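> One structure, pasted below without further comment.
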Amino acid sequence: MTERLTAAERQAAMQALTGWAEAEARDAIARTFTFRDFNEAFGFMMRAALVAEKNDHHPEWRNVYKTVEVVLTTHDAGGVTRRDIALAEAMNAIAAQFGGA
Numbered sequence: 006m007t008e009r010l011t012a013a014e015r016q017a018a019m020q021a022l023t024g025w026a027e028a029e030a031r032d033a034i035a036r037t038f039t040f041r042d043f044n045e046a047f048g049f050m051m052r053a054a055l056v057a058e059k060n061d062h063h064p065e066w067r068n069v070y071k072t073v074e075v076v077l078t079t080h081d082a083g084g085v086t087r088r089d090i091a092l093a094e095a096m097n098a099i100a101a102q103f104g105g106a
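Counting from 1 along the sequence shown, just add 5 to a position and that's the residue number in our numbering.
Following this line, the structure appears as structure tokens:
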């Protein structure tokens, strides 16, 4: 099982993650990505899903038209782990290829 990040590890990781913030009322991180249209948003989700599946670590997410809301937490660890940070970094890189903010 993956271990939760310590407070210091989490703070350092969050400083390096553009656009991500602590989720309200839970031990998770969250970000909203906005794309030019639904096609780009769905393309982002497809590419992110491939990364998530490969790493057996799946996001909580919601898509409405050109917006994708993402929440990451490692349920079996009870909070944020290195797996969440790695997936957040991968999502940021994928979004940048689409021009997502």
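Cβ atoms here follow ideal geometry from the backbone N, Cα and C, with glycine treated the same way. From a predicted model like this one, the values you see are computed outputs, not experimental measurements.
In chain order, what residues of the same chain lie with their CB nearer than 8 Å to the CB of residue 83, ignoring the 5 residues before and after it?
Contacts found: 9 and 32.
> Which same chain residues end up closer than 8 Å to residue 45 when comparing Cβ atoms and leaving out the 5 residues on each side of it in sequence?
Cβ neighbours of residue 45 beyond the five flanking positions: 71, 103, 104 and 105.
> Rank 73, 58, 60 and 57 by C-alpha distance to the C-alpha of residue 36 and give the top, closest one.
Of the candidates 73, 58, 60 and 57, the one whose C-alpha sits nearest the C-alpha of residue 36 is 73.
> Checking the sheet assignment: what are the DSSP bridge partners for residue 77?
Beta-bridge pairing links residue 77 to 34.
> Would you mind sorting residue 81 into buried or exposed? The rule is 16 or more other CB atoms within 10 Å of its CB.
Counting Cβ neighbours within 10 Å, residue 81 comes out exposed, since fewer than 16 surround it.
> Taking contact to mean 3 or more Cβ pairs, one atom from each stretch, closer than 8 Å, check whether the segment 56 to 71 and the segment 14 to 25 are in contact.
Short answer: they don't touch.
> Which value, in whole angstroms, describes the spacing of the CA atoms of residue 101 and residue 57?
Whole-angstrom Cα-Cα distance: 17 Å.
> May I have the straight-line CA-CA distance separating residue 34 from residue 69, to the nearest angstrom?
Their backbone Cα atoms lie some 20 Å apart in a straight line.
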